[in-house]
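Chains as they are written, first to last, in the working numbering: chain Y, 1 to 309; chain C, 1001 to 1276. What follows is one structure encoded as structure tokens, with my remarks underneath.
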């Protein structure tokens, strides 16, 4: 047999190597983050707080009513009040305020900030100057588009943008509260109370369930790849590998869906699903629902100037 | 004895091209403990799927409880009295527990079956609590399936089937991936179910458990046909048969009921005795 020198002996190479993380490392990190985040979110829903003690249906309807009402409000002071109200509810639901604010405001600049950015400049909407940015002089234009003499941030623009951002922040806070204080599966089931057909509710909860199974599959593939990676390959080869894995995951998920359907049929499912309702409305749920709906009505009345503040 | 399942010249092929079963003829009587053994890809799982009315024969006839199972009669969306009866009487434990655990919590998972079979919610709740208690998994009641260990998942899968108190249990590779302690628990459970008069049909290639959980063994060959159908002890002692079905390696030794394998030099040949 031909002998191969595999160089057994102490390795003179350095085990410490600092550099950019490969896409494999980043993907594994992403998967671990997703799992941890799901775990942390679930842990909030198990705390003994105000919202956790309410029936998911009462909570869902109350929060939806408050969101609809908030979206009609155009008064900044009222919006700030509503936002502070949700912060108080978060506090009473044993959610760390710092974590809660960070979670809400992380998305606001990305989604709504860019959306309202043009609103603050007099280029798009005229208004009273607040801060002058550039003085262009008379007759300035950008191609065929005429520009004003000076570009400045307007008072009206800042006001409108602030109201918009505050409104989004308040509504997002309400939704984040709902998600943090309700186990995902209870949340899906409570959708039945707002008329979502049970087949959709079942599909949603099954999709959520199998995200974890497929995430585990993807994670194993990446860890196996990492274990066998000795040196980095070219971008094209890596992209080809990722493409192949995406296809493989799709095939596995299709195969799994077929087997899940068989497992359902095996236990009597024939297209019409029956699920058990375990929810029980108590007095506190009715009280909480009544308060939320009353508050929503007041907010709408204020927004319509029927009640003046 | 009354035959529960009767297969007459049954064949099955995937997409009409890939043969999975060839000319299977067998009867399984009430209360029988049967192992279907064969190497990977021999058709064991397909046979179980046919026995559970999940797929339908490409040719041949399959009768369950005296009724012929055909796609037209069995797979209609409208309510079907026999199908409800069949689903109540026959339970199937899948090889991959994850495909069987699709509900949000263990409680709902176990409740799913009886709910689909028109059992009242009150009765379902009682039954689920009973089966949780019986399987000693009450502590898992509100857990989500993805947080369970392999052994716990298998226990929940079996509970989802036992909650209907079926007469027939079909199990696909039930011992695969279980630790020795859970394997022993499983064997004891299947023995108890057998003693309780249930028909237990297990597809496996775990030779160690066959004589403990069955009296009859059906050996599937790599040609997807039945190679042998007989007494489990006899089958396990038939070295040539097991070798021919690719269930054992040349280095596997059979000492009575004990099957084991080890590396050795070929001084004495493959078939030899040990000094015990």
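Note that the Cβ used here is the ideal one computed from N, Cα and C, for glycine as well. Note that the structure is predicted; figures quoted are calculated from it, not measured.
Per DSSP, which one or two residues make a beta bridge with residue i?
{"i": "residue 1216 of chain C", "result": "C/1034, C/1231"}
{"i": "residue 1006 of chain C", "result": "C/1027, C/1063"}
{"i": "residue 121 of chain Y", "result": "Y/153"}
{"i": "residue 146 of chain Y", "result": "Y/141"}
{"i": "residue 1093 of chain C", "result": "C/1171"}
{"i": "residue 1012 of chain C", "result": "C/1021"}
{"i": "residue 1068 of chain C", "result": "C/1063"}
{"i": "residue 1226 of chain C", "result": "C/1220"}
Kindly list the residues whose CB is nearer than 7 Å to the CB of residue i, restricted to its own chain and excluding five residues on each side of it in sequence; keep chain order.
{"i": "residue 1172 of chain C", "result": "1045, 1048, 1093, 1094, 1095, 1203"}
{"i": "residue 308 of chain Y", "result": "none"}
{"i": "residue 1131 of chain C", "result": "1110, 1159, 1162, 1163"}
{"i": "residue 1031 of chain C", "result": "1197, 1199"}
{"i": "residue 97 of chain Y", "result": "87, 90, 91"}
{"i": "residue 1143 of chain C", "result": "1105, 1106"}
{"i": "residue 238 of chain Y", "result": "23"}
{"i": "residue 34 of chain Y", "result": "215"}
{"i": "residue 1179 of chain C", "result": "1151"}
{"i": "residue 260 of chain Y", "result": "none"}
{"i": "residue 305 of chain Y", "result": "none"}
{"i": "residue 1114 of chain C", "result": "1124, 1127, 1163, 1164"}
{"i": "residue 289 of chain Y", "result": "58, 61, 62"}
{"i": "residue 158 of chain Y", "result": "120, 130"}
With respect to the alpha helix (DSSP H) encompassing residue i, which residues constitute its N-terminal and C-terminal limits?
{"i": "residue 283 of chain Y", "result": "283-303"}
{"i": "residue 1243 of chain C", "result": "1239-1244"}
{"i": "residue 80 of chain Y", "result": "76-92"}
{"i": "residue 953 of chain C", "result": "Since the first residue of chain C shown is 1001 and the last is 1276, residue 953 of chain C is not available in this structure."}
{"i": "residue 251 of chain Y", "result": "235-266"}
{"i": "residue 1182 of chain C", "result": "1180-1195"}
{"i": "residue 1044 of chain C", "result": "1044-1051"}
{"i": "residue 56 of chain Y", "result": "56-72"}
{"i": "residue 328 of chain Y", "result": "Residue 328 of chain Y lies beyond the stretch modelled for chain Y, which goes from 1 to 309, so this question has no answer here."}
{"i": "residue 1158 of chain C", "result": "1150-1162"}
State the start and end residues of the unbroken beta strand (DSSP E) segment that holds residue i.
{"i": "residue 132 of chain Y", "result": "129-135"}
{"i": "residue 152 of chain Y", "result": "150-154"}
{"i": "residue 1102 of chain C", "result": "Careful: residue 1102 of chain C lies outside any beta strand (DSSP E) and carries neither H nor E."}
{"i": "residue 1171 of chain C", "result": "1168-1172"}
{"i": "residue 41 of chain Y", "result": "No beta strand (DSSP E) holds residue 41 of chain Y; the alpha helix (DSSP H) holding it covers 23-45."}
{"i": "residue 1204 of chain C", "result": "1199-1204"}
Write down the C-beta distance between residue i and residue j rounded to the nearest angstrom, noting that I regard them as a contact closer than 8 Å.
{"i": "residue 174 of chain Y", "j": "residue 106 of chain Y", "result": "Not quite, the Cβ-Cβ distance comes to about 16 Å (not below 8 Å), so this is no contact."}
{"i": "residue 163 of chain Y", "j": "residue 244 of chain Y", "result": "With 8 Å as the limit, residue 163 of chain Y and residue 244 of chain Y do not qualify as a contact, their Cβ atoms being about 49 Å apart."}
{"i": "residue 1117 of chain C", "j": "residue 1147 of chain C", "result": "Rounded, the Cβ-Cβ distance is 28 Å, inconsistent with contact."}
{"i": "residue 113 of chain Y", "j": "residue 166 of chain Y", "result": "The pair is not a contact, with the Cβ atoms about 12 Å apart (cut-off 8 Å)."}
{"i": "residue 1050 of chain C", "j": "residue 1012 of chain C", "result": "6 Å"}
{"i": "residue 225 of chain Y", "j": "residue 31 of chain Y", "result": "About 13 Å separates the two Cβ atoms, so there is no contact after all."}
{"i": "residue 1126 of chain C", "j": "residue 185 of chain Y", "result": "Wrong, their Cβ atoms sit about 22 Å apart, outside the cutoff."}
{"i": "residue 266 of chain Y", "j": "residue 1054 of chain C", "result": "6 Å"}
{"i": "residue 94 of chain Y", "j": "residue 49 of chain Y", "result": "4 Å"}
{"i": "residue 1187 of chain C", "j": "residue 1209 of chain C", "result": "6 Å"}
{"i": "residue 1090 of chain C", "j": "residue 1170 of chain C", "result": "7 Å"}
{"i": "residue 169 of chain Y", "j": "residue 269 of chain Y", "result": "Not really, about 43 Å apart at Cβ, beyond 8 Å."}
Using a Cβ-Cβ cutoff of less than 8 Å, which residues in the same chain neighbour residue i once the five nearest sequence positions on both sides are dropped?
{"i": "residue 152 of chain Y", "result": "121, 122, 129, 130, 131, 132, 133"}
{"i": "residue 1214 of chain C", "result": "1033, 1034, 1035, 1200, 1202, 1232"}
{"i": "residue 1023 of chain C", "result": "1009, 1010, 1011, 1060, 1225"}
{"i": "residue 202 of chain Y", "result": "273, 275"}
{"i": "residue 179 of chain Y", "result": "41, 187"}
{"i": "residue 1121 of chain C", "result": "1115"}
{"i": "residue 71 of chain Y", "result": "167, 171"}
{"i": "residue 28 of chain Y", "result": "219, 222, 223, 226"}
{"i": "residue 79 of chain Y", "result": "70, 73, 163, 166, 167, 170"}
Given residue i, which residues of its chain have a CB within under 6 Å of its CB, disregarding the five upstream and five downstream residues?
{"i": "residue 190 of chain Y", "result": "56, 57, 60"}
{"i": "residue 1 of chain Y", "result": "Per-residue confidence for residue 1 of chain Y stands at a pLDDT of 46, beneath the threshold of 50, marking its modelled position as unreliable; the derived number appears in the next sentence. There are no such residues."}
{"i": "residue 100 of chain Y", "result": "90"}
{"i": "residue 285 of chain Y", "result": "54, 55, 58"}
{"i": "residue 69 of chain Y", "result": "296, 299, 300"}
Residue i: beta carbon under 8 Å from a heavy atom of the ligand HEM?
{"i": "residue 1113 of chain C", "result": "For the ligand HEM, the structure offers nothing, since it holds no ligand at all."}
Which bits of chain D does residue i rub up against, with CB to CB less than 9 Å?
{"i": "residue 268 of chain Y", "result": "The question asks about chain D, but that chain is absent: this structure's protein chains are Y and C."}
Practice task
Taking only runs that begin and end inside the segment 171-243 of chain Y, name each unbroken alpha helix (DSSP H) of 4 or more residues, in chain order.
Solution key: 184-190, 198-228
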